[in-house]
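What follows is a single structure, written as C-alpha cells, with notes after it.
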Amino acid sequence: MAKAVLGVIGGSGVYDLPGLEDVREEAITSPWGEPSDALRIGRIGQTPVVFLARHGRGHRLSPSGIDYRANIDVLKRAGVTDIVALSACGSFRQELYPGLFVLVDQFVDRTVGRTSSFFGNGCVAHVSMAHPVGPGLQARILAAAEAEEIAVRKGGTYVCMEGPQFSSYAESLTYKAQGYDVIGMTNMPEAKLAREAEITYATIAMVTDFDCWHPEHDAVDVAAVVAVARANAAKAARLVSRLARDFPAEREPCPARSDRALDGAIMTAPGHRDPALLAKLDAICARVLAQG
Ligand SMILES: CSC[C@H]1O[C@H](OP(=O)(O)O)[C@H](O)[C@@H]1O
Ligand SMILES: Nc1ncnc2[nH]cnc12
1 MAKAVLGVIG GSGVYDLPGL EDVREEAITS PWGEPSDALR IGRIGQTPVV FLARHGRGHR
61 LSPSGIDYRA NIDVLKRAGV TDIVALSACG SFRQELYPGL FVLVDQFVDR TVGRTSSFFG
121 NGCVAHVSMA HPVGPGLQAR ILAAAEAEEI AVRKGGTYVC MEGPQFSSYA ESLTYKAQGY
181 DVIGMTNMPE AKLAREAEIT YATIAMVTDF DCWHPEHDAV DVAAVVAVAR ANAAKAARLV
241 SRLARDFPAE REPCPARSDR ALDGAIMTAP GHRDPALLAK LDAICARVLA QG
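292 is the number that the UniProt record's numbering gives the last residue of the sequence shown; the numbers go up by one with no jumps.
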C-alpha cells in the first residue's frame with residue numbers, strides 16, 4: 001500500500017495554508033512547463049500535506065494561463081495521492097448561497113483553449129471520467145465539514161468556462177436551465193489531468209456569488225467575490241486541517257478507480273511509443289510503466 005499524501009490546490013483567495021507545520025518550499029521542475037508556484041510541503045498532524053497556489057502567490061496567473069499539466073505533474077512528483085481542490089464559484093441555485101461549500105461530483109468542460117491531456121501522438125491513452133471525483137475522499141471532506149460545523153452541500157455539477165470574463169446573462173440562464181449547479185474557470189482540465197496521473201481528486205466549490213441570472217442580485221463583481229472568497233478561505237483552512245488530522249496513513253482504494261485509472265488505458269503498443277513523450281511521462285505513468 002502507498003503512503004497517503006494530501007495535496008491542496010488553493011484557488012482565488014487561498015494562497016497559503018494556515019495550519020501547515022514543518023513547512024519547506026520546494027520548486028520542483030516539470031518537463032511539462034512552469035508550475036504556478038513553488039510547493040509548500042509540510043504536515044498537519046501525522047499526514048504529509050503539499051500546498052500549491054493555483055494562480056500563484058499574488059494571483060499572477062489567469063485561469064487560461066495556468067499550466068495545469070505542470071501543476072499536476074509536480075504534485076505527482078511530490079508523492080501526492082489525493083487532491084483537494086479549493087475553488088471559488090458562482091451559483092445557479094437560490095439554495096446554494098455565498099458562503100456555502102458545495103462538494104460537486106460532476107464537471108462539464110466548456111473550456112476551449114487549454115491542453116487537457118498528458119497523452120497524445122506517440123502515447124495514446126483514454127481514461128474514464130465517468131466519475132471524476134473520488135467518493136471516499138469526498139466522504140472524508142463531508143465528515144470534516146460536519147465536524148467543523150461548516151455549511152456544506154453534497155453533490156452538484158460544476159461547469160467550467162474558459163473566462164476570464166464572467167458569463168453573459170444569456171449564458172448564465174442557459175447553464176441554469178441545463179441544470180448545472182455552480183460555475184468556475186479552473187477545475188477543467190485540472191480534474192482530467194489528476195485522473196490521468198492516478199491522483200484522487202475532489203473539489204470544494206466555495207460559493208462566492210449568484211453569477212448574473214439572479215433577479216435580486218447584481219452581476220458578478222470581483223471585489224464582492226474576493227471579499228466572500230477571503231471569508232471562505234478561513235473556513236477552508238479549518239476544514240482541511242480536520243480532514244488531514246483524520247486522514248488515513250495509507251492510500252485507500254478508490255471506488256472510482258482513480259488510483260488505477262491507467263490500467264489498460266494506454267493503447268499505443270510498446271514498440272510504437274515515442275521515447276521523448278515516455279520520458280516526460282515518467283512521473284505520471286510511473287506505476288504502469290514499471291509494470292512493463
Ligand atoms: C475571482 S473570481 C474568478 C476566479 O475564481 C475562481 O478560481 P479558482 O477556482 O482558482 O478559485 C474562478 O474559477 C476564476 O478563476
Ligand atoms: N460567477 C462566476 N463565474 C465563473 N467563475 C467564478 N468564480 C467565482 N464566481 C464565478
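Every residue, glycine too, gets a C-beta built ideally from N, C-alpha and C.
Residues of its chain near residue i, where Cβ-Cβ distance is below 7 Å and the 5 sequence neighbours each way are ignored
i            : result
alanine 265  : Ala125, His126, Val127
alanine 38   : Glu25, Glu26, Ala27
proline 18   : Ala237
valine 74    : Ile28, Ser30, Pro35, Leu39
proline 253  : Asp259
alanine 283  : Asp73, Lys76, Arg77
arginine 273 : Gly122, Cys123
Reduced DSSP secondary structure (H/G/I, E/B, other) of residue i
i             : result
glycine 184   : strand
glutamate 21  : strand
arginine 110  : strand
isoleucine 72 : helix
leucine 100   : coil
alanine 144   : helix
alanine 151   : coil
glycine 120   : strand
proline 63    : helix
serine 172    : helix
glycine 136   : helix
proline 164   : coil
glutamine 178 : helix
alanine 276   : helix
alanine 78    : coil
Residues that residue i bridges to, as DSSP identifies them
i              : result
methionine 129 : According to DSSP, methionine 129 bridges with nothing at all.
glutamate 26   : Leu39
isoleucine 83  : Gly7, Tyr201
proline 48     : Arg43
cysteine 89    : Val207
threonine 157  : Gln106
alanine 283    : Alanine 283 is not bridged to any residue.
methionine 33  : Note that residue 33 is glycine in the sequence shown, not methionine. DSSP, once it has assigned bridges, lists Ser30 as partnering glycine 33.
proline 53     : The sequence shown places alanine at residue 53, rather than the proline named in the question. DSSP lists Gly10 as partners of alanine 53.
Contacting residues, own chain, Cβ-Cβ under 8 Å from residue i (five flanking each side not counted)
i             : result
valine 80     : Val5, Leu6, Gly7, Val50, Ile199
glycine 113   : Ser64, Glu162
glutamate 250 : Met1, Ala2, Lys3, Ala4
arginine 287  : Glu198, Leu262
Sequence-distant residues of its chain with Cβ nearer than 6 Å to residue i (five each side left out)
i              : result
tyrosine 169   : Cys212
alanine 147    : Arg242
methionine 188 : Phe107, Asp109, Thr111, Cys160
alanine 151    : Leu100
serine 172     : Asp211, Cys212, Trp213
glutamate 196  : Phe118, Val127
**Study point:** 3-residue-minimum beta strand (DSSP E) runs that sit fully inside the segment 191 to 273, ordered along the chain
**Key:** 200 to 209
Practice item. Report yes or no: do the segment 139 to 159 and the segment 200 to 214 share at least 3 C-beta pairs separated by less than 8 Å? Key: yes
Check your understanding: Between the segment 225 to 242 and the segment 91 to 104, are three or more C-beta pairs nearer than 8 Å?
Key -> yes
Check your understanding: Can at least three beta-carbon pairs, one atom from the segment 175 to 182 and one from the segment 78 to 98, be found at a separation below 8 Å?
Key -> yes
Review point. Are the segment 130 to 138 and the segment 215 to 232 in contact at 8 Å, needing three or more beta carbon pairs?
Key: no
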